[in-house]
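Everything on this sheet refers to the single structure shown next.
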Amino acid sequence: MKISDLLQALDSIAPLALSEPWDHSGLQLGGASWRCSRVGFCLDATVESVQVASREGCDVLVAHHPLCFLPLADLDTSRFVAQTAGEAFRLGVAVVGWHTPWDSARGGVNEGLLARAGLLSARGLRPMPGGFGMGGMGEWPESCPACASAAALAGAWDLSGYRLAGDPTKEVRRVALCGGSGGDLWQDALEGGADLYATSEMKHHQIVEALASGLALMLCDHGEMEAPSMSDLARRVEGLGFDVRVLPETPSHYQWAARGSGRHKD
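Numbering (numbering that gives the first Met the number 0), first residue to last: 0 to 265.
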């Protein structure tokens, strides 16, 4: 098979038509005519993930986050993008990014988070034709306090930690979420009747406004919310006849090395 075959397979699962306008999903490094004998899947394309992919016999690496996200002014290999690209060229590993199409696809990042949590009546927070939608919303079988709801989500998603803001005793029945940076969707969550909104990053003013509206907020690690979905994508691609490997995620790629309260009393 060729990389062009892989791109067609990915597009059949998570169509590029679902991309957000600012996204840069697709083939990032390599050629469509290059051979595709084994495909590695991971969250981020880094020097280390490229090296792991090569050791696993992969000639293509599919990362959730595009390696080339912002315009490049140079190819200085002391910097992350050029350094990673240089290693990929050296090892003969093509790099593909499949970002917001997989976020919004059926069975993708957001629908997968709802399914892992066991939330019912799952639907997209911003539904999209041909997909599930950006973000998601679902309901618990029975309402429970926000503190218990957040703990249940953290357990279902295997989080190392989270932050909860708002009234911890507030009864939560409807949960909205967005894997990754979802600060722009909190108003969609509120308008959809959500009691709690879980995402990875929000701006300060978004948090202030959301809390003032009565919405409980749960902030999670970006990588921990999204990384498990790459196994789902790999299985889907494997079902289309490709040899795949899910590469182990290195915690240093997306987890803080230490946690501290930052507040000490004598």
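The beta-carbon is built from N, C-alpha and C at its ideal position, and this holds for glycine as well.
DSSP on residue i, reduced to helix/strand/coil?
i           : result
residue 234 : helix
residue 13  : coil
residue 104 : coil
residue 113 : helix
residue 244 : strand
residue 193 : coil
residue 53  : helix
residue 228 : helix
residue 7   : helix
Label residue i either buried or exposed according to how many other C-beta atoms from any shown protein chain fall within 10 Å of its C-beta, with 16 as the threshold for buried.
i           : result
residue 204 : exposed
residue 124 : buried
residue 190 : exposed
residue 225 : buried
residue 168 : exposed
residue 207 : exposed
residue 156 : buried
residue 58  : buried
residue 185 : buried
residue 251 : Note that residue 251 has pLDDT 48, beneath the 50 cutoff, so the model's placement of it is unreliable and no number is given.
residue 21  : exposed
residue 131 : buried
residue 135 : buried
residue 73  : exposed
residue 235 : buried
residue 40  : buried
residue 100 : buried
residue 148 : buried
Just list the residues that DSSP pairs residue i with in beta bridges.
i           : result
residue 43  : 64
residue 35  : Partner(s): none; residue 35 has no beta bridge.
residue 219 : 161
residue 198 : 218
residue 25  : 96
residue 71  : DSSP lists no partner for residue 71.
residue 59  : 38, 93
residue 119 : 138
residue 125 : 133
Using beta-carbon positions only, say whether residue i and residue j come within less than 7 Å of one another.
i           : j           : result
residue 94  : residue 27  : yes
residue 195 : residue 145 : yes
residue 193 : residue 175 : yes
residue 119 : residue 141 : no
residue 2   : residue 35  : yes
residue 31  : residue 239 : no
residue 82  : residue 46  : yes
residue 199 : residue 98  : no
residue 96  : residue 65  : yes
residue 38  : residue 241 : yes
residue 228 : residue 56  : no
residue 237 : residue 245 : no
residue 127 : residue 17  : yes
residue 233 : residue 217 : no
residue 90  : residue 248 : no
residue 182 : residue 201 : yes
Complete beta strand (DSSP E) runs within the segment 133–184 (minimum length 3 residues, chain order): 135–144, 161–164, 170–176
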